[in-house]
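Peer 1: Sharing a structure below in structure tokens format, with a few things to ask.
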Amino acid sequence: MTAGFISFIATVAIYYLSKKIYQKKTWVILSPLLIAPVILVALLSITHTTYKSYSSGGQWLTEILQPATVAFAVPLYKYRHILKKQMAVIALSMTAGVTIAFISSDFIARLTHVSPNVILSMLPRSVTTPIAMAVSINIGGIPAMTAAFVIMTGITGIIIGPLLIKWLPINDKLSKGLLLGMGAHGAGTSKALEIGKEEGAAASLAMVIAAVFTLALAPVLMTFLT
Amino acid sequence: MKKVLLIVVQVILLSLFSLAGNFISKVFYLPISGSIIGLFLLFICLHFKIIKLSWVEIGAGFLLAELLLFFIPSAVGVIQYKSDMIHNGLKFIIIIVLSTLIVMLVTGFSAEFLLRRKERSKQ
Chain A
45 MTAGFISFIA TVAIYYLSKK IYQKKTWVIL SPLLIAPVIL VALLSITHTT YKSYSSGGQW
105 LTEILQPATV AFAVPLYKYR HILKKQMAVI ALSMTAGVTI AFISSDFIAR LTHVSPNVIL
165 SMLPRSVTTP IAMAVSINIG GIPAMTAAFV IMTGITGIII GPLLIKWLPI NDKLSKGLLL
225 GMGAHGAGTS KALEIGKEEG AAASLAMVIA AVFTLALAPV LMTFLT
Chain B
16 MKKVLLIVVQ VILLSLFSLA GNFISKVFYL PISGSIIGLF LLFICLHFKI IKLSWVEIGA
76 GFLLAELLLF FIPSAVGVIQ YKSDMIHNGL KFIIIIVLST LIVMLVTGFS AEFLLRRKER
136 SKQ
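From first to last, the protein sequence lines stand for chains A and B.
In this text, residue positions in the first sequence follow the numbering used here: the first is 45, and each later residue adds one.
In this text, residue positions in the second sequence follow the numbering used here: the first is 16, and each later residue adds one.
Put into structure tokens, the structure is as follows:
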């Protein structure tokens with residue numbers, strides 16, 4: 045209980061500290077999702093704390109992901125006119141995104157010779173953790189491993205997403221938001237909210253649609269991949 | 016202080032939606048997680064004005080602004096796969112970086128292409 049409480053407080057404190065630093069410097073390498081876990085892992089190993097006793101407190105924060113997912117209804121509702129107006133564009137580009145997420149992970153993973161159940165754990169990594177884990181179970185992956193890949197995808201996405209937007213001719217706010225929300229789920233969406241309100245709304249849409257489409261398309265896609 | 020109280024109450028309201036979603040998911044053996052069902056429930060309630068936007072707006076804004084905080088414990092959890100990460104970490108990074116890059120390019124460019132085509136056809 046005490047270890048849990050200390051872990052909780054330490055996580056929140058380190059998060060706010062890294063957020064403050066990030067606001068001053070805004071180097072992607074200093075993103076709270078990258079730097080805070082590194083500091084925490086270092087602290088755990090210095091203090092010889094097991095992950096289990098850390099997570100007894102850490103899971104309180106993970107639990108909040110549930111109402112946080114519900115909270116995405118608010119930007120969706122506020123910007124429902126975009127959803128209505130651009131329904132076809134959104135549906136088509138998201139179907140492409142979900143399909144390519146499975147195919148590209150599978151193809152590249154096969155090239156690098158990782159074991160089959162690791163490949164399966166990797167396929168749903170573009171969507172938000174609870175959905176990714178559920179899909180992972182359905183297709184025969186290791187759900188906890190999937191959770192790790194989801195996080196790695198989030199970190200990757202918030203680093204390369206803004207660079208792609210900057211360097212490539214992707215100018216529409218809708219495209220920028222869909223790119224971030226499809227590529228890097230909630231992490232990408234928080235980055236999109238940082239860029240602007242409409243980008244954030246598009247990314248929220250993308251995150252939710254990616255989750256639903258992945259659930260729906262995973263069984264179909266698996267018949268092609270195996 | 017009043018704002019903190021408002022956030023707490025609104026986050027509790029949002030949690031009720033995810034609990035309701037979990038319940039529905041369990042009862043009907045749905046493959047969709049409770050929080051996504053909760054999201055749709057809240058959207059429907061907002062749409063039919065059963066719930067006013069102002070009842071959840073501040074709480075939702077807070078949760079979305081601090082979203083990364085709730086991912087941090089899971090990110091720390093990667094250490095459970097320390098040996099996998101040491102042996103295959105580089106491969107995992109290569110796969111994830113390349114695939115995320117492809118996913119982002121395909122999604123971003125198809126949206127951009129479709130939007131431009133739509134604009135052109137209007138003119």
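C-beta atoms are modelled at their ideal positions from N, C-alpha and C, and glycine is treated no differently.
Only a predicted model underlies this, so the values are computations on that prediction, with no experimental measurement involved.
Can you name the residues of chain B whose CB is closer than 8 Å to the CB of A/ASN161?
Peer 2: Going along chain B, no residue has its Cβ under 8 Å from A/ASN161, so there is no contact; the nearest lies around 11 Å.
Peer 1: Quick check: what's the CA-CA separation for A/ARG214 versus A/MET138?
Peer 2: For the record, residue 214 of chain A in the displayed sequence is Ile; it is not Arg. Rounded to the nearest whole angstrom, the CA to CA distance from A/ILE214 to A/MET138 is 16 Å.
Peer 1: For the stretch 91-103 of chain B, enumerate the residues whose C-beta is nearer than 7 Å to any C-beta of chain A, in chain order.
Peer 2: VAL91, GLY92, VAL93, ILE94, GLN95, TYR96 and ASN103
Peer 1: Would you mind telling me which residues of chain B sit closer than 7 Å to A/GLN67, beta carbon to beta carbon, in chain order?
Peer 2: Those do not exist, as A/GLN67 stays about 12 Å from chain B at its closest Cβ, beyond 7 Å.
Peer 1: Could you give the uninterrupted runs of the alpha helix (DSSP H) lying entirely in the stretch 157-204 of chain A, keeping only those of 4 residues or more?
Peer 2: 160-166 and 173-183
Peer 1: Can you check whether the CB of A/ILE195 is closer than 9 Å to the CB of A/THR172?
Peer 2: no
Peer 1: Applying a beta-carbon distance threshold of less than 7 Å, which residues of chain A neighbour B/LYS17?
Peer 2: Residues of chain A passing the Cβ test: none, with the nearest at roughly 20 Å.
Peer 1: Closer than 8 Å by C-beta to B/VAL118: which residues in its own chain qualify, once you throw out the five before and the five after it? Chain order, please.
Peer 2: none
Peer 1: Just the Cα atoms here: how many angstroms apart are A/PHE257 and A/THR91?
Peer 2: Going from the Cα of A/PHE257 to the Cα of A/THR91 covers about 43 Å.
Peer 1: Taking Cβ-Cβ distances below 8 Å as the criterion, which residues of the stretch 118-130 of chain B are in contact with chain A?
Peer 2: VAL118, MET119, LEU120, VAL121, THR122, GLY123, PHE124, SER125, ALA126, GLU127, LEU129 and LEU130
Peer 1: Given a threshold of 16 other Cβ atoms within 10 Å of its Cβ, counted over all protein chains shown, does B/GLU134 qualify as buried or as exposed?
Peer 2: exposed
Peer 1: Using a C-beta to C-beta distance shorter than 7 Å, which residues of chain B count as neighbours of A/PRO174?
Peer 2: SER48 and SER50
Peer 1: Residues of chain A with CB closer than 8 Å to the CB of B/PHE58, please, in chain order.
Peer 2: ALA117, LEU120 and TYR121
Peer 1: Please report whether the beta-carbon of A/PHE268 lies at a distance below 9 Å from any beta-carbon of chain B.
Peer 2: Interface annotation, A/PHE268: not in contact with chain B, CB-CB separation never under 9 Å.
Peer 1: B/SER89 versus chain A: which residues are under 7 Å apart at the beta carbon?
Peer 2: THR106, THR173, ALA191 and ILE195
Peer 1: Compare the beta carbon distance of A/ILE53 and A/GLY101 with 9 Å and say whether it is the shorter of the two.
Peer 2: Yes, these two residues count as a Cβ contact at 9 Å.
Peer 1: Can you pull the chain B neighbours of A/GLY201, defined as C-beta to C-beta under 8 Å?
Peer 2: THR115 and MET119
Peer 1: What would DSSP say about B/GLU92, mapped onto helix, strand or coil?
Peer 2: Here residue 92 of chain B is Gly; the residue named in the question, Glu, does not match the sequence. B/GLY92: helix per DSSP, three-state reduction.
Peer 1: With the cut-off set at 9 Å, would you say A/THR106 and B/SER89 are in Cβ contact?
Peer 2: yes
Peer 1: To which residues of the same chain is A/PHE151 closer than 8 Å at the C-beta, ignoring the five residues directly before and after it?
Peer 2: none
Peer 1: Give me the subset of the stretch 205-218 of chain A whose CB atoms are less than 8 Å from a CB atom of chain B, sorted by chain position.
Peer 2: Of all residues in the stretch 205-218 of chain A, only GLY205, LEU208, ILE209, LEU212, PRO213, ILE214, ASN215, ASP216 and LEU218 come within less than 8 Å of chain B when Cβ atoms are compared, listed by chain position.
Peer 1: Look up A/THR46 in the DSSP assignment and say whether it is helix, strand or coil.
Peer 2: helix
Peer 1: DSSP three-state label for B/GLU127, please.
Peer 2: helix
Peer 1: So what's A/HIS125 in DSSP terms, helix, strand or just coil?
Peer 2: helix
Peer 1: What residues of chain B sit near A/VAL252, judged by a beta carbon separation below 8 Å?
Peer 2: ILE51 and LEU54
Peer 1: Between A/VAL133 and B/ILE111, what straight-line distance do the alpha-carbon atoms span, to the nearest angstrom?
Peer 2: 26 Å
Peer 1: With 16 as the cutoff for other CB atoms within 10 Å, does A/ARG169 come out buried or exposed?
Peer 2: buried
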